[in-house]
Amino acid sequence: MLTKEYIKEVKQNSPQEFGQLVQKNINNSGNLIFILENLGKLPISFDYQWILNLINYDNEQVRFWAVKNLGKLKLVEIIHQLEKISIEDESTLVRREAISSIGRFRDQNTQQILLQHLHNDDPKIVNQAIRGLLTFKGDKKIDKALKKLINHDNEMVRD
């Protein structure tokens with residue numbers, strides 16, 4: 835039976851078993867969500883390949899939690915993957931979390947990705963891009979791009 839304590843124990847004592855645990859539960863989206871929700875802080879050396887394997891899962895919540903956990907890792911090599919998700923996933927929730935994860939990197943290498951999402955049709959995505967860019971407030975290019983949003987069609991974005 836899956837418990838928070840069991841997940842914590844696997845993470846601390848044998849993190850390589852997560853792939854096996856996920857495979858055992860691959861057809862049970864409820865269990866996958868529970869596992870992903872309860873991962874907590876991830877060590878730098880965490881093997882995240884099994885999480886990457888879930889980004890195309892057919893359940894939106896599984897994809898959301900997979901993206902959220904990938905974002906916790908803050909590994910430069912997954913920025914491209916998060917960018918792809920932010921563009922291609924069918925779910926606003928998942929795309930928004932991908933942008934949020936990119937923003938949490940607080941890295942200049944993510945600025946261009948976030949700037950591109952200021953022109954997204956979905957105001958929730960635009961707002962996440964704004965939040966990510968606020969870290970770079972004071973940078974002339976960023977300030978100029980954010981000031982242009984004062985006249986945005988969407989009230990939530992304008993505010």
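In case it helps, the numbering used here puts the sequence shown at residues 835 to 993.
The C-beta atom is built at its ideal place from N, Cα and C for all residues, glycine as well.
Which of helix, strand or coil DSSP assigns to residue i
i	result
F939	coil
Y1027	Residue 1027 is absent from the model: the chain starts at 835 and stops at 993.
D973	coil
G874	coil
L916	helix
E911	helix
E989	helix
E924	coil
N893	coil
I959	helix
S879	coil
N859	coil
S934	helix
N954	coil
L866	helix
N887	coil
Residue i to residue j span [Cα, whole Å]
i	j	result
E911	L904	11 Å
Q915	D941	16 Å
L948	E894	23 Å
G853	T944	29 Å
Q857	R965	35 Å
I885	K978	37 Å
I933	L952	11 Å
A963	D956	11 Å
I959	Q950	11 Å
N887	A900	9 Å
L967	E839	37 Å
Supposed contact pair residue j and residue i - C-beta distance, whole angstroms, cut 8 Å
i	j	result
V896	I867	6 Å
V980	R992	The sequence shown places Leu at residue 980, not Val. At roughly 11 Å, the Cβ-Cβ gap does not stay under 8 Å, so L980 and R992 are not in contact.
E917	I936	7 Å
F939	K908	6 Å
I919	I889	6 Å
Any non-hydrogen atom of the ligand NAP within 7 Å of residue i CB
i	result
I869	With respect to the ligand NAP, the structure shown offers nothing to examine, as it has no ligands at all.
Residue-chain proximity (residue i, chain C), Cβ-Cβ < 8 Å
i	result
I869	Reference to chain C is not applicable here, since this structure consists of a single protein chain.
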